[in-house]
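Single-structure report; data block below.
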Amino acid sequence: MNFPKTSGLLAAAALLFASCAGTPSQHDGQAVLDNIASRTSVRTYQDRPVGADTVEMLLRAAMAAPSAMNRQPWAFVVVDDKALLQKFADSLQYAKMAASAPLAIVVCADLSRNSGASGDWWVMDASAASENLLLAAHAMGLGAVWTGGYPRSERVKAVRHILGLPESVVPLNVIPVGYPAGNPAPKQKWDPSKVRRNGWME
Ligand SMILES: Cc1cc2nc3c(=O)[nH]c(=O)nc-3n(C[C@H](O)[C@H](O)[C@H](O)COP(=O)(O)O)c2cc1C
Numbered sequence: 036m037n038f039p040k041t042s043g044l045l046a047a048a049a050l051l052f053a054s055c056a057g058t059p060s061q062h063d064g065q066a067v068l069d070n071i072a073s074r075t076s077v078r079t080y081q082d083r084p085v086g087a088d089t090v091e092m093l094l095r096a097a098m099a100a101p102s103a104m105n106r107q108p109w110a111f112v113v114v115d116d117k118a119l120l121q122k123f124a125d126s127l128q129y130a131k132m133a134a135s136a137p138l139a140i141v142v143c144a145d146l147s148r149n150s151g152a153s154g155d156w157w158v159m160d161a162s163a164a165s166e167n168l169l170l171a172a173h174a175m176g177l178g179a180v181w182t183g184g185y186p187r188s189e190r191v192k193a194v195r196h197i198l199g200l201p202e203s204v205v206p207l208n209v210i211p212v213g214y215p216a217g218n219p220a221p222k223q224k225w226d227p228s229k230v231r232r233n234g235w236m237e
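Structure, rendered in structure tokens:
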């Protein structure tokens, strides 16, 4: 596999996502946990392209996700055409940042290749793939943000129209990706009060 040059973070990503990776050592495990804890949504980007090797690493991470019955119902549309990115920004109220991103990856489910068997599980499958992609982006020094498509019918319709997707393909989200222009702080979310043990006792 051809990894882009670079930092420890990229090396960590390589360790994480190379298809031949074995069990991470304890040291690698801490790097994984730090990556998860420090990820945050990034909505402003440098005017700098994202290389093809890097895009492939994002997609490899996404496709490493678990899926119900291992159906892998996902399909990914990589968008680096500026006119299309502008159309996302114009058509999707909450995806305005797409206009300034060098790239967006649209995570879809291809129901024509997964008819019936996986039912509504595709939502979870494609969501797991999306989170893997967000974490991989962060590990490689990129910034990304999940912008919602499904289940909002008007957003699904808009994305289908922009990309020419058939009715059998459902866009779960549009994920603009780029090198961060700023340094947004991760939100602190740990909340022990959300954890119960052995049931829902008060
Ligand atoms: C299902 C889903 C839909 C989202 N839709 C949008 C969106 O349309 N636009 C946007 O800017 N962020 C969107 N987000 C990102 C959330 O706003 C963000 O994850 C949340 O505020 C927590 O911040 P963090 O990602 O920095 O931890 C979405 C996230 C999820 C999981």
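Under the numbering used here, think of the first position of the sequence shown as 36, with each following residue one higher.
Cβ atoms here follow ideal geometry from the backbone N, Cα and C, with glycine treated the same way.
Computed from a predicted model, the values in this text were never measured in an experiment.
Query	Result
Let's see if you can read the secondary structure: which residues bound the alpha helix (DSSP H) around Asn70?	Gln61 to Ser73
Per DSSP, what are the beta-bridge partners of Leu138 in this structure?	Val212
Which residues does DSSP pair with Phe111 in a beta bridge?	Val142
Is the number of C-beta pairs between the stretch 65 to 83 and the stretch 176 to 183 that are closer than 8 Å three or more?	yes
Is the beta carbon of Ile197 less than 8 Å from the beta carbon of Ser135?	no
So is the beta-carbon of Tyr214 under 7 Å away from any non-hydrogen atom of ligand 1?	no
Which of helix, strand or coil does DSSP assign to Pro219?	coil
Taking the alpha helix (DSSP H) that Asn167 falls in, what are its first and last residues?	Trp156 to Ala174
Is there at least one non-hydrogen atom of ligand 1 closer than 7 Å to the beta-carbon of Thr79?	no
Among residues of its own chain, excluding the 5 on either side of Val112, which ones have a beta-carbon nearer than 6 Å to its beta-carbon?	Val141 and Leu198
Let's test the definition: count the other Cβ atoms within 10 Å of the Cβ of Trp109 and tell me whether it reaches 16, buried, or not, exposed.	buried
Nearest by alpha-carbon distance to Met104: which of Asp155, Pro84, Leu93 and Val114 is it?	Asp155
In whole angstroms, what is the alpha-carbon distance linking Ala87 and Ala99?	18 Å
On the DSSP bridge list, what partners appear for Tyr10?	No answer is possible for residue 10: it lies beyond the span of the chain, which begins at 36 and ends at 237.
Please look up how many angstroms separate the CB atoms of Asp145 and Val204, rounded, as I've assumed it's under 8 Å.	5 Å
When you compare the CB positions of Val191 and Val209, do they come within less than 8 Å of one another, or not?	no
How would you write the range of the alpha helix (DSSP H) that Gln187 sits in, first residue to last?	Checking the sequence shown, residue 187 turns out to be Arg, not Gln. Here Arg187 belongs to no alpha helix (DSSP H), and DSSP marks it neither H nor E.
Where DSSP assigns a beta bridge to Val204, which residues make up the other side?	Asp145
Apply the 10 Å Cβ neighbour rule to Tyr185 and answer buried if 16 or more other Cβ atoms are within range, or exposed otherwise.	buried
When we look at the beta-carbon of Trp157 and count the other beta-carbons within 10 Å, is it buried (16 or more) or exposed?	buried
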